[in-house]
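Protein chains: 2
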Amino acid sequence: MGGDHGAPEVVPGAVGWAREHPADTVILVGDVPLLRTLAGDAPTNVEFVHGPEVVGMEEHPARALARKKLSSIRVATELVKNGQADAVVTAGHTGAGFAAAKLILGTLPGIDRPALAVQLPGAKPFLLLDIGANPDSTAENLAQYARMGSIFAERVMGVPNPRVALLSIGEEKGKGDARISRATELIDQTDLNFIGNVEGRDLTRFVADVVVCDAVVGNVVIKFFEGLASYILKDLLAGEFRRNLRGKLAYLLLRPGVERIRTAFDYEVVGGSPLLGVRGPMIITHGNAKRRMAWWAVDVGARTARERVTELIAESLGLAESAADAGDAAQAADGAAGPDHFSTSGG
Amino acid sequence: MGGDHGAPEVVPGAVGWAREHPADTVILVGDVPLLRTLAGDAPTNVEFVHGPEVVGMEEHPARALARKKLSSIRVATELVKNGQADAVVTAGHTGAGFAAAKLILGTLPGIDRPALAVQLPGAKPFLLLDIGANPDSTAENLAQYARMGSIFAERVMGVPNPRVALLSIGEEKGKGDARISRATELIDQTDLNFIGNVEGRDLTRFVADVVVCDAVVGNVVIKFFEGLASYILKDLLAGEFRRNLRGKLAYLLLRPGVERIRTAFDYEVVGGSPLLGVRGPMIITHGNAKRRMAWWAVDVGARTARERVTELIAESLGLAESAADAGDAAQAADGAAGPDHFSTSGG
Numbered sequence: 400m401g402g403d404h405g406a407p408e409v410v411p412g413a414v415g416w417a418r419e420h421p422a423d424t425v426i427l428v429g430d431v432p433l434l435r436t437l438a439g440d441a442p443t444n445v446e447f448v449h450g451p452e453v454v455g456m457e458e459h460p461a462r463a464l465a466r467k468k469l470s471s472i473r474v475a476t477e478l479v480k481n482g483q484a485d486a487v488v489t490a491g492h493t494g495a496g497f498a499a500a501k502l503i504l505g506t507l508p509g510i511d512r513p514a515l516a517v518q519l520p521g522a523k524p525f526l527l528l529d530i531g532a533n534p535d536s537t538a539e540n541l542a543q544y545a546r547m548g549s550i551f552a553e554r555v556m557g558v559p560n561p562r563v564a565l566l567s568i569g570e571e572k573g574k575g576d577a578r579i580s581r582a583t584e585l586i587d588q589t590d591l592n593f594i595g596n597v598e599g600r601d602l603t604r605f606v607a608d609v610v611v612c613d614a615v616v617g618n619v620v621i622k623f624f625e626g627l628a629s630y631i632l633k634d635l636l637a638g639e640f641r642r643n644l645r646g647k648l649a650y651l652l653l654r655p656g657v658e659r660i661r662t663a664f665d666y667e668v669v670g671g672s673p674l675l676g677v678r679g680p681m682i683i684t685h686g687n688a689k690r691r692m693a694w695w696a697v698d699v700g701a702r703t704a705r706e707r708v709t710e711l712i713a714e715s716l717g718l719a720e721s722a723a724d725a726g727d728a729a730q731a732a733d734g735a736a737g738p739d740h741f742s743t744s745g746g
Numbered sequence: 400m401g402g403d404h405g406a407p408e409v410v411p412g413a414v415g416w417a418r419e420h421p422a423d424t425v426i427l428v429g430d431v432p433l434l435r436t437l438a439g440d441a442p443t444n445v446e447f448v449h450g451p452e453v454v455g456m457e458e459h460p461a462r463a464l465a466r467k468k469l470s471s472i473r474v475a476t477e478l479v480k481n482g483q484a485d486a487v488v489t490a491g492h493t494g495a496g497f498a499a500a501k502l503i504l505g506t507l508p509g510i511d512r513p514a515l516a517v518q519l520p521g522a523k524p525f526l527l528l529d530i531g532a533n534p535d536s537t538a539e540n541l542a543q544y545a546r547m548g549s550i551f552a553e554r555v556m557g558v559p560n561p562r563v564a565l566l567s568i569g570e571e572k573g574k575g576d577a578r579i580s581r582a583t584e585l586i587d588q589t590d591l592n593f594i595g596n597v598e599g600r601d602l603t604r605f606v607a608d609v610v611v612c613d614a615v616v617g618n619v620v621i622k623f624f625e626g627l628a629s630y631i632l633k634d635l636l637a638g639e640f641r642r643n644l645r646g647k648l649a650y651l652l653l654r655p656g657v658e659r660i661r662t663a664f665d666y667e668v669v670g671g672s673p674l675l676g677v678r679g680p681m682i683i684t685h686g687n688a689k690r691r692m693a694w695w696a697v698d699v700g701a702r703t704a705r706e707r708v709t710e711l712i713a714e715s716l717g718l719a720e721s722a723a724d725a726g727d728a729a730q731a732a733d734g735a736a737g738p739d740h741f742s743t744s745g746g
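Each protein sequence line maps, in turn, to chains Z and Y.
Numbered per the numbering used here, the first sequence spans residues 400 to 746.
Numbered per the numbering used here, the second sequence spans residues 400 to 746.
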C-alpha cells in the first residue's frame with residue numbers, strides 16, 4: 400500500500416510476475432477492494448489478504464506498527480512468520496520494514512544486527528551492504544555482513560565463490576579505521592573468499608562481488624551513486640541533447656548508445672534489496688518503485704526464498720545448537736515442498 | 400620530486416604560476432640541477448633549494464622522513480617551519496605529507512587531528528573533509544573540521560557565510576550514528592551556519608558549501624566520485640563516440656557540450672587539497688597531477704597563505720592563551736609584509 404506511487408504501481412508489477420510464474424502464488428496485502436480493482440483480470444495464483452492500514456512516512460515505525468495491527472507491512476510480515484508466505488516484499492516506509500522484520504520475524508540466532516544489502520548496477524552488479532539498517536556497527540557485525548552477503552551473492556546472484564571485500568580508505572589489507580582492522584582479522588579466520596580492502600575507485604571496477612561497509616558509508620555511497628549518475632546522464636548529458644539542433648541531431652545518432660549506458664545504470668532490475676539476518680526473506684525495494692521495479696523486487700523475494708538464503712545463513716553461522724529456534728526461519732525459507740507464497744506489501 | 404609524473408610536470412606548472420605572479424616567489428625544492436634543467440628559462444622569482452631525496456610510495460612515511468634528512472618534502476616543510484616560505488605544496492606521497500606536517504609543523508593548539516579537505520567539482524564546488532588524514536575521528540574532531548572548513552571556504556573559495564553540513568544517513572538533523580549525533584550537538588553550539596545533515600544524493604545538489612565527515616566516508620566518496628565520473632564519461636560515453644560512424648558524427652556535433660560536461664568535472668582546477676589544522680599551509684595535490692593541476696595547487700597554497708587561513712583557524716579556536724605557541728603559524732601564514740614564498744615539493 401505504501402511507497403511513492405503506492406498500490407497503482409506495485410500491484411500491476413506483482414500481478415505481472417504472478418502471470419509469468421504460474422506455479423507460485425503472489426499474496427497482495429492491503430485494501431482488498433482497491434487491490435482487486437488494480438489487479439484487474441488477475442490470474443488465479445494471485446491471492447488477497449486484508450491489511451488496509453498504511454504506515455506514513457512521518458510516523459515512528461515501531462510505534463505505528465504496534466498501533467496499526469492491520470497495516471499491510473505488519474500483516475504481510477506475519478504471513479511469513481506464520482509460514483503462510485515465504486517472503487515479504489515492500490516498497491513502503493523503510494523504517495517500518497526494518498521494524499516489522501525485527502519485531503515480528505526477529506533476528507537469526509547469533510546475529511546481532513541485520514543488514515540491508517543492495518545490488519549496485521554497472522557492467523557487472525555487485526552486492527553492497529550494509530546500506531542503512533544498522534548505524535554504529537561493530538567489527539563483528541561487519542564480519543557477519545560478509546558471511547550473509549557471500550551467501551546471497553552465491554545463491555541469488557549466481558556468483559560462484561564470491562569475492563568478499565571491505566570498503567576502506569586504502570588498498571592495503573587491514574588498512575582503515577579500528578573497526579575495519581578488527582573486521583579484517585575476523586573475516587581472515589573464515590573460509591570466505593576474502594580479498595581484503597577495496598577503495599571507492601574500485602566500486603566501478605568490479606573487483607569484488609560483495610562489498611562490506613558500515614551503514615553510514617554504504618548509505619552515502621548508494622545515494623551518491625544515484626545522485627551522480629542521474630546528474631551526469633539526466634541533467635548534464637540530456638541537457639546537451641536538448642540544448643539546440645546539433646544536440647538533438649547528436650541524440651538521434653547516439654540513441655542506441657545512450658540506451659546501452661542507461662541499461663548499465665538500470666537499478667530497477669537489481670532494486671530488490673534483501674534485509675539479511677532476520678528469520679525469513681524481507682525484500683525492501685525503492686520507495687519510488689514503479690511496476691517494473693516491483694516485478695523485479697518480487698522476483699528477488701522469490702529467489703531468496705527458493706534458494707533458502709535465510710536457512711543457509713543460519714546454518715553457516717554454525718549454530719546447530721539453536722536449530723530449534725531457527726525452525727521458523729527454515730520453514731519460511733524452504734519453499735521446495737510446494738508452490739511458493741510471496742506476500743507483497745507496501746505499507 | 401615525487402608524484403606519478405614527478406618534477407617534469409610539477410616544475411613547469413609551478414614555474415608557469417611564478418611567471419604570472421611576479422610579486423611572489425616560488426621555491427623549488429629537490430635535485431637542483433634537474434630542477435634547473437626542467438625550469439628552463441625561469442623568471443627571477445623562481446628559487447632553488449637542495450633537497451634531492453624522494454620518499455618512495457612503498458616507504459613508511461615517518462621513518463623515511465626521519466632517515467632522509469634531504470627529502471624534498473622534509474626540506475620544503477622546514478622552510479615553512481622556519482618562516483622562509485609561507486606554504487608547502489606537494490604532489491608526492493600523501494602519507495609523507497601528513498607526516499611532515501605533523502612532525503615538522505605540528506598541529507595547532509587545541510586541534511587534536513588535522514583534516515585533509517578537497518573541493519569537489521561540479522556546477523558549484525564545495526569543500527569535503529576529512530578525506531583521509533584521520534581515521535577513527537571523534538565527534539569533537541568533526542566539529543573542528545566544520546570550523547576549519549568554514550574558514551577555508553569563506554577565505555579561499557570566496558563563499559560568504561558558508562553553509563556547513565554533516566554527511567549522514569538521513570536528512571533529519573542529528574540522525575546518523577552516535578558520532579554524528581554528538582557532533583550535531585557540538586556544532587549547534589557554535590556560530591557556524593550549520594544546516595544539519597546532507598545525504599549522499601545531496602552531494603550533486605549543491606545544498607551545502609562545507610560537508611563534514613569521517614575519513615573513511617570522505618575517502619570513499621572522493622574516490623568513488625573520480626571512479627564513477629571517469630567510468631561514465633570516459634569508458635561508457637567516449638566508448639559510444641568511438642564505436643562507429645554514427646558515434647563519431649554525434650561526437651562532432653556534441654563536442655562543445657562534451658567540453659562543458661568535462662569542465663563541470665574538472666578536478667585539476669580544484670585539486671589543491673589543504674591539510675587543515677597544522678601550523679602553516681600544507682597543500683597536498685593529486686599524485687597524478689600534471690602541470691596544469693600543479694599550477695592550481697600552487698595557487699591554492701598562495702591563497703591559503705595570503706588569506707591567513709592558518710591564523711584564522713587558530714584565532715577561531717579561541718586560544719588566545721596559546722598565542723605565543725601559535726606565533727610560528729601566524730608568521731608562516733601572514734604573507735602581507737612582503738613577497739610571498741611558496742615552496743613546491745613532490746617527495
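Every residue, glycine too, gets a C-beta built ideally from N, C-alpha and C.
Worksheet entry | DSSP three-state assignment for V558(Y), whether helix, strand or coil | coil
Discussion item. Closest to P442(Z) by C-alpha separation, out of V425(Z), V454(Z), V431(Z), P451(Z), would be which residue?
Written reply: V425(Z)
Practice prompt. Examine chain Z for any beta-carbon lying closer than 7 Å to the beta-carbon of E706(Y), and answer yes or no.
Written response: no
Worksheet item: Which of helix, strand or coil does DSSP assign to A748(Y)?
Response: Given a span of 400 to 746 for chain Y in the structure shown, any question on residue 748(Y) remains unanswerable.
Discussion item. Under 7 Å, Cβ to Cβ, is there at least one residue of chain Z near G401(Y)?
Written reply: no
Practice prompt. Give the C-beta separation of V677(Y) and L507(Y) to the nearest angstrom, bearing in mind that I take them to be a contact with Cβ-Cβ under 8 Å.
Written response: 7 Å
Worksheet item: By a C-beta neighbour count over all protein chains shown, 10 Å radius and 16 as the cutoff for buried, is R641(Y) buried or exposed?
Response: exposed
Practice prompt. Please report how far the alpha carbon of V668(Z) lies from the alpha carbon of M692(Z), in whole angstroms.
Written response: 6 Å
Worksheet item: Looking at the structure shown, is V616(Y) part of a helix, part of a strand, or coil, going by DSSP?
Response: helix
Item to complete: Leaving out five residues on either side along the sequence, give the residues of the same chain with a beta carbon under 7 Å from the beta carbon of D403(Z).
Response: G686, N687
Discussion item. With a threshold of 7 Å between beta-carbons, can V677(Z) be considered close to chain Y, or not?
Written reply: no
Discussion item. Is there a Cβ of chain Z sitting closer than 7 Å to that of P534(Y), yes or no?
Written reply: yes
Fill in: Coarse secondary structure for T424(Z), derived from DSSP in three states
strand
Worksheet item: Does the beta carbon of F497(Y) come closer than 7 Å to any beta carbon on chain Z?
Response: no
Worksheet item: Near G700(Z), which residues of its chain fall below 6 Å by C-beta distance, leaving aside the five closest residues on each side in sequence?
Response: A486, V488, P680, I682, F741
Worksheet item: For F605(Z), which of helix, strand or coil comes out of DSSP?
Response: coil
Worksheet item: Considering only residues of the same chain and omitting the five flanking positions on each side of A413(Z), which have a CB-CB separation below 7 Å?
Response: V425, L427, A693, V697, T743
Fill in: Contact set between I568(Z) and chain Y, taken where Cβ atoms lie within less than 8 Å
G531, P534, A614, V615, N618, V619
Discussion item. Tell me whether the stretch 611-631 of chain Y and the stretch 517-537 of chain Y touch, counting them as touching only if at least three CB pairs, one residue from each stretch, are closer than 8 Å.
Written reply: yes
Worksheet item: Are any of the Cβ atoms in chain Z nearer than 7 Å to that of G405(Y)?
Response: no
Worksheet item: With a Cβ-Cβ cutoff of 7 Å, do V616(Z) and A607(Z) count as a contact?
Response: no
Worksheet item: Do the stretch 501-516 of chain Y and the stretch 472-480 of chain Y touch if we need at least three Cβ pairs shorter than 8 Å?
Response: yes
Item to complete: Could you tell me how far apart the beta carbons of E452(Z) and K467(Z) are, in whole angstroms, since I believe they sit closer than 8 Å?
Response: 4 Å
Worksheet item: Whose Cβ in chain Z lies nearer than 9 Å to the Cβ of E625(Y)?
Response: G599, R600
Item to complete: Verify whether the separation of the beta carbon atoms of A461(Y) and A498(Y) is less than 7 Å.
Response: yes
Practice prompt. With 7 Å as the threshold, decide whether the Cβ of K633(Z) is near any Cβ in chain Y.
Written response: no
Discussion item. Using DSSP's beta-bridge definition, name the partner residues of N761(Y).
Written reply: Since the first residue of chain Y shown is 400 and the last is 746, residue 761(Y) is not available in this structure.
Item to complete: Compare the beta carbon distance of Y666(Z) and T603(Y) with 7 Å and say whether it is the shorter of the two.
Response: no
Worksheet item: Closest Cβ-Cβ distance between T603(Z) and chain Y: below 7 Å?
Response: yes
Worksheet entry | L515(Z) vs A532(Z) beta-carbon contact at 7 Å | yes
Worksheet item: For Y544(Z), which residues from the same chain have a beta carbon less than 7 Å from its beta carbon, with the 5 sequence-adjacent residues on both sides left out?
Response: A514, L528, D529, V611
Worksheet item: Out of R581(Y), G569(Y), P561(Y), which has the shortest C-alpha to C-alpha gap to D590(Y)?
Response: P561(Y)
Item to complete: Please check the pair F623(Z) and P520(Z), which I expect to be a contact at CB under 8 Å, by giving their CB distance rounded to whole angstroms.
Response: That pair is no contact at about 14 Å.
Fill in: CB contact check: G415(Z) to chain Y, cutoff 7 Å
no
Discussion item. Considering only their Cβ atoms, is the gap separating A564(Z) from I360(Z) smaller than 7 Å?
Written reply: Limits of chain Z in this structure are 400 at one end and 746 at the other, which puts residue 360(Z) out of reach.
Practice prompt. Determine the chain Y residues that contact A628(Z) at a beta-carbon separation under 8 Å, and present them in chain order.
Written response: L627, I631
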